[in-house]
Each structure stands twice: as C-alpha cells, then as structure tokens.
Amino acid sequence: MDSESLTAAVRSLVWPVCLVGAKENDKHNVMTVAWISQVSHDPLLVMVSIAPGRFTHDMIARTGEFMVSILNAEQQEVSTFCGSRSGRDVDKIAHLNLKTEPAKIIKVPRLAGCVANLECRVVSRHTAGDHTLFIGEVVAADVAAGEIQPLIMYRGKPVRFR
Ligand SMILES: Cc1cc2nc3c(=O)[nH]c(=O)nc-3n(C[C@H](O)[C@H](O)[C@H](O)COP(=O)(O)O)c2cc1C
C-alpha cells in the first residue's frame, strides 16, 4: 500500500474532538485536538498528541498544565476555527466569544457549554514521530448534566450517535 492509502486507513479511527487549553501569564489559548485518549485508570491519566509547532505546545511544556474541553456536536465551527488559526496571531477565545469559568485546581480556565472539562497536570512527555505526547493526570473535572452529544469525526466528517 502507498503512504496515502495507509494514511486514509488510519483516518478510519474515530476522533473525539476537543479543545486543549493552556494559560501562561495572562495569555489563554485553545487549540483543537483529536488525537487524545485516556491511558490509565489509577492514576487517571489522559494523553494529548500535539505537534511542536503549535503555539499551545510550548505553553503546556512551560506551565505543566492543560485543560481538555470536550466539544459538543453543535460546536463544529469552534473546532474548525481553533484548529486552523494560531493563538500567535489571533485571540481565539475573544473572537469566538467563548465563555470561560475558573478551574478548581489548575490556572487554565474551563469552557462553558462543553460536554466535560478535564483539568490536567503534566506528569510526563514523550516524543512520538513528529508529535509530542503530553500525559496529564486529571486532577479535577466537570461534566454537563443530561443528554449531550459530543462532537465526533469519522474520516474527516462529523458524525452523530443514533
Ligand atoms: C479536527 C481537528 C483536529 C486536530 N487535531 C490535532 C491534534 O490532535 N494535534 C495537533 O497537534 N494538531 C491538531 N489539529 C491542528 C491544530 O488544532 C491547529 O494547528 C491549531 O491552529 C493550533 O493552534 P495554536 O497554534 O494556537 O496552538 C487539529 C485540527 C483540527 C481541525
């Protein structure tokens, strides 16, 4: 198989679309991340895979904290904007008028209206090819009440649970 076919096959993995937030001094930035997973139960650990060129990458590396905000199915435009523009050039939170709430433990704010917010402290990082895997311990969280559809993508397109 050629590399394009291999990439297309790997894109058959289902993506849970999230925003990963970081805050350094007064600068709060969010980026869209789909390469994310729980990797341990005890301690409760999640992994986010972030390319070194992203503005968010070095903010997380320097502060040792990040917020995972799991997007809901109505937030596709948020995902597209935060996944195509860099915090180096634009204040994405102000541009999209995203509502923030203080976190309980870390300095990075939560985002209102998401499926859940996970407050994470970096416990380790690993280079994986052209990305960095940040492993974070979930130290606090909130979850939306009631039925709320997450934003999930399959082969580059949003899909819904039936
Ligand atoms: C649906 C979607 C998923 C994405 N997933 C990732 C990801 O898992 N890791 C990554 O490094 N970039 C990912 N990106 C690209 C970044 O979100 C994008 O480069 C962003 O502009 C980086 O923002 P920043 O420079 O403010 O950190 C994704 C983009 C989209 C639209």
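Quick note on numbering: full-length UniProt numbering labels position 132 of the sequence shown as 132, and the sequence is numbered without any gaps.
Note that CB positions come from ideal geometry on N, CA and C, so glycine has one too.
Computed from a predicted model, the values in this text were never measured in an experiment.
Per DSSP, the beta-bridge partners of threonine 32 are Leu19. Taking all protein chains shown into account, alanine 103 has 16 or more neighbouring C-beta atoms within 10 Å of its C-beta and is therefore buried. If you ignore the 5 residues before and after cysteine 82, its C-beta comes within less than 8 Å of the C-beta of Leu19, Val30, Met31, Thr32, Lys92, Leu96, all in its own chain and listed in chain order.
Setting aside the 5 residues that flank it on each side, tryptophan 35 is surrounded in the same chain by Ser49, each with a C-beta closer than 6 Å to its C-beta; the list follows chain order. Remark: C-beta atoms of valine 14 and asparagine 72 do not approach each other more closely than 7 Å. Here the alpha carbons of methionine 67 and proline 109 stand approximately 7 Å from one another.
With 16 or more other CB atoms across the displayed protein chains lying within 10 angstroms of its CB, glycine 21 is buried. Contact between serine 124 and isoleucine 135 holds: CB atoms are separated by about 5 Å, below the 8 Å threshold. In the structure shown, methionine 1 falls within a coil segment according to DSSP collapsed to helix, strand and coil.
A check of alpha carbon separations from threonine 63 across Gly113, Leu6, Asp2, Arg121 identifies Arg121 as the nearest. Excluding its 5 nearest sequence neighbours in each direction, proline 43 has C-beta neighbours in its own chain below 7 Å: Glu137, listed in chain order.
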